[in-house]
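Engineer: Residue numbers (this note's numbering): 80 to 189.
Where is the CB? At the ideal position from N, CA and C, for every residue including glycine.
1. Go to residue 211, then tell me how far its alpha helix (DSSP H) extends in each direction, as first and last residue.
2. With a threshold of 8 angstroms, are at least 3 pairs of Cβ atoms found where one atom belongs to the segment 123 to 134 and the other to the segment 93 to 101?
3. Could you tell me whether the segment 176 to 184 touches the segment 107 to 118, using the rule of 3 or more Cβ pairs below 8 angstroms?
4. Let me know the secondary structure DSSP gives residue 87 once reduced to three states.
5. So, is residue 152 buried or exposed, given that buried needs 16 or more other C-beta atoms within 10 angstroms?
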């Protein structure tokens, strides 16, 4: 999924816990599903950012390059402005875009 095009909130939003709980029937189960998805998203974004920043890696110790690498700073700022992984995961969960299953209950497919 392209997280750059996500319309998730970048600010804190108050959620209706009854709506959040209704997806699984248990508030804590919903929180676990969202947390696991947020971890997946975070891992993907972190790998992408690491790959982009690796392009700027310098094997020489030049102090001027360290302080004046504007491109690297812009890439970092861009990723800081993106919605956080937990916000994207909550949006996906509320829009039924996450597949999850509980072996004790059966499976849910969204």
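Structural biologist: On the basis of the supplied data:
1. Past the boundaries of the shown model lies residue 211; the chain is included only from 80 to 189, so the question cannot be answered.
2. no
3. yes
4. Numbered from 1 along the chain shown, position 8 holds the residue referred to as residue 87. Correct three-state label for residue 87: coil.
5. Here residue 152 is taken as the residue at index 73 of the chain shown, counted from 1. Exposed is the call here.
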